[in-house]
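S.K.: Dropping a structure here in structure tokens format, bear with me for questions.
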Amino acid sequence: MVVKAIYRFVDWVLQLDTSGSPPIFEMKCMKCDAVSGAFEDPAPAQNWALKHAGREGHTLFQAVNLSYFRATAVEETR
1 MVVKAIYRFV DWVLQLDTSG SPPIFEMKCM KCDAVSGAFE DPAPAQNWAL
51 KHAGREGHTL FQAVNLSYFR ATAVEETR
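Written out as structure tokens, the structure reads:
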């Protein structure tokens, strides 16, 4: 019995997937772990961080951005 295999090596590319959920934005205070909540627009999360800094004096925040990417095979042109 002879087994033959053909291997095809392809390059892949990542592209932002805009067909589903939009990106989600959130801010987290690195001093007290308070979080802004999740928003589809970055402005409310950023505004929360600025207000939190003004109220609490905490000045270091982690910005969390959740986005979806799709891997697509790159077709060779010969």
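Reminder that position 36 of the sequence shown reads as 36 in the UniProt record's numbering, one-by-one numbering, no gaps.
Even for Gly, the Cβ is constructed at its ideal location relative to N, Cα and C.
Hey, quick one: how far does the beta strand (DSSP E) through Ala63 stretch, first residue to last?
M.R.: Phe61 to Leu66
S.K.: Please report the distance separating the alpha-carbon of Tyr68 from that of Ser19.
M.R.: 9 Å
S.K.: Which ranges does the beta strand (DSSP E) cover as unbroken runs of at least 3 residues, wholly within the segment 1-30, from first to last along the chain?
M.R.: 11-16 and 24-29
S.K.: Should the segment 30-38 be called in touch with the segment 9-19, which here means at least 3 C-beta pairs below 8 Å?
M.R.: no
S.K.: Pick from Leu66, Ile6, Phe25 and Val10: whose alpha carbon is nearest that of Ala49?
M.R.: Phe25
S.K.: From this set, Leu66, Thr72 and Ala73, which residue's C-alpha is nearest Ser21's C-alpha?
M.R.: Leu66
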